[in-house]
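The sequence shown begins at 1 in the UniProt record's numbering and counts up one residue at a time.
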Amino acid sequence: MMDLWCAYKQEIVMKKWPQIILLGLAITGLSACSDNTGNKNASQEGSSATTSANKLETRFVNIATGGASGPYNVIATNLAEIYHKTYGVNSKTQTTGASVENLNLLKQNKVEMAFVMSDSLTEAINGQGSFKDKITNVQQIAALYPNYVQIVTSKKSGIKNIEDLKGKRIAVGAQNSGVEVNARTLLNGFGITYKDVKVDYLGYAEAADALKGGKLDAAFLTSGIPNSSLMELQRGYDLQLVSINPDKIKEIAKDQAYFLPMIIPKGTYDNAEDIPTAAIMNALVVRSDLSEDDVYKLTKIFFESLGALANTHQAAKDITLQGAQNGLVAPLHPGAKKYYDEVAAAQ
1 MMDLWCAYKQ
11 EIVMKKWPQI
21 ILLGLAITGL
31 SACSDNTGNK
41 NASQEGSSAT
51 TSANKLETRF
61 VNIATGGASG
71 PYNVIATNLA
81 EIYHKTYGVN
91 SKTQTTGASV
101 ENLNLLKQNK
111 VEMAFVMSDS
121 LTEAINGQGS
131 FKDKITNVQQ
141 IAALYPNYVQ
151 IVTSKKSGIK
161 NIEDLKGKRI
171 AVGAQNSGVE
181 VNARTLLNGF
191 GITYKDVKVD
201 YLGYAEAADA
211 LKGGKLDAAF
221 LTSGIPNSSL
231 MELQRGYDLQ
241 LVSINPDKIK
251 EIAKDQAYFL
261 PMIIPKGTYD
271 NAEDIPTAAI
281 MNALVVRSDL
291 SEDDVYKLTK
301 IFFESLGALA
311 NTHQAAKDIT
321 LQGAQNGLVA
331 PLHPGAKKYY
341 DEVAAAQ
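Here you go:
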């Protein structure tokens with residue numbers, strides 16, 4: 001009888017066994033799905049946090065520069081590539097007539113960032129010179145590298161200083177460019193107006209060609225040194241640089257604080273002696289409406305990439321984090337200030 005009962009129980013268990021196995025598998029599967037979903041959600045949350053840290057609120061970082069071969073455009077083109085690779089943002093450069101046009105593009109919200117000269121920036125925020133109205137939506141990220149005022153003539157011209165330019169035909173840069181702004185300001189500082197000279201609005205290469213062809217007596221070429229157009233000009237041209245009195249520069253700087261007395265070192269253009277001149281700092285600026293977080297990130301990656309930028313153009317070698325706040329002429333953007341404060345706190 002006992003054997004019959006045991007056989008009966010065994011038969012029942014065997015009949016139920018497939019159902020028990022299926023139930024166990026179902027429970028295990030649900031548990032695994034739950035774990036995988038949890039892990040996936042955690043992974044997605046971590047990924048989202050990482051992605052957010054490497055993204056900008058703005059979709060575009062368009063950078064206004066200058067001529068296609070100039071340092072502004074060369075440096076900015078590489079910077080735009082870095083911004084795109086780092087933040088996935090649509091970043092590109094726009095070649096322009098340089099500083100004045102760049103600031104007007106910022107005013108019109110057509111670009112987010114620009115390379116400009118400090119003299120044009122000063123005029124823009126004060127509504128002076130080339131700017132009828134104040135440009136209020138611009139703030140500075142950094143002072144960059146100096147642009148040297150290089151007044152070029154030939155040794156046979158008899159022109160030794162700025163006062164000798166009266167009555168001469170001179171090139172003052174492209175109209176409304178940063179070069180033209182500082183040429184006009186310097187001439188005025190020495191009591192010379194455009195009525196006292198014959199003005200030609202020519203860029204670097206055009207001015208160099210006109211000098212070589214005897215169509216000009218002198219030309220203003222304000223840039224980093226050496227200027228490639230002048231390097232080319234001195235081959236077959238008896239080039240001479242015109243000195244600017246340092247004391248006079250300091251006097252002019254009382255009203256135009258962006259002017260600095262500087263020296264063009266001997267040997268820059270086969271010049272046997274140092275040439276005293278004026279210099280104007282270049283500036284990196286952004287629209288004021290860009291968020292603090294965005295500009296912090298843009299500033300941070302800019303300075304972390306100085307080595308790469310210096311490999312693209314010699315002028316970028318003069319950009320330093322230590323000197324970035326020296327010679328600021330516009331309000332510092334809060335995002336840039338946040339970065340500088342962070343660096344200072346870490347030292």
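Even glycine gets a Cβ: it sits at the ideal position worked out from N, Cα and C.
Note that this is a predicted model, so its numbers are computed, not measured.
Asked	Found
Touch test, the region 161 to 176 against the region 309 to 327, Cβ-Cβ under 8 Å, three pairs minimum	no
Test item: CB-CB of VAL285 and LEU121 under 8 Å	yes
Residues near ALA315 by beta carbon distance below 6 Å, same chain, minus five either side	PRO71, TYR145 and GLY224
Under the three-state DSSP convention, the category LEU56 falls into	coil
DSSP-derived helix/strand/coil call for PRO265	coil
Element boundaries [alpha helix (DSSP H), containing TYR204]	204 to 212
Distance between beta carbons of VAL295 and GLY335, contact taken as under 8 Å	3 Å
Best match in SER154, VAL138, SER229 and SER91 for proximity to residue 354 [C-alpha to C-alpha]	Nothing about residue 354 can be reported from this structure: the residues present for the chain run from 1 to 347 only.
Own chain, CB closer than 8 Å to GLY291, minus 5 neighbours either side, in chain order	The question names Gly, but residue 291 is Ser in the sequence shown. These residues qualify, in order along the chain: GLU57, THR58 and GLY335.
Paired residues, beta bridge with PHE259 - DSSP	ILE280
Sequence-distant residues of the same chain with beta carbon closer than 7 Å to residue 352, five excluded per side	Past the boundaries of the shown model lies residue 352; the chain is included only from 1 to 347, so the question cannot be answered.
Touch test, the region 243 to 262 against the region 198 to 216, Cβ-Cβ under 8 Å, three pairs minimum	no
Segments assigned alpha helix (DSSP H), at least 4 residues, entirely inside the region 120 to 157	none
Neighbour-count burial assignment, GLN240, 16 or more Cβ in a 10 Å radius	buried
6 Å CB neighbourhood of SER91 in its chain, flanking five on each side removed	VAL61, ALA80, TYR83 and HIS84
Cβ-Cβ separation, VAL197 to LYS168 (assumed contact under 8 Å), whole Å	6 Å
Spatial neighbours of PRO265 in its chain, beta-carbon cut-off 7 Å, leaving aside the 5 residues before and after	ASP274
Local conformation of ILE170 per DSSP, three classes	strand
Per-residue burial, LYS297 [other beta carbons within 10 Å of its own, 16 or more giving buried]	buried
Cβ-based burial, GLU163 [other Cβ within 10 Å; buried from 16]	exposed
Length of the line joining the Cα atoms of GLY29 and ALA310	Unreliable positioning characterises GLY29 in this predicted model, as indicated by a pLDDT of 48, which lies under 50. The coordinate reading is nonetheless provided below. Cα to Cα, the separation comes out at about 58 Å.
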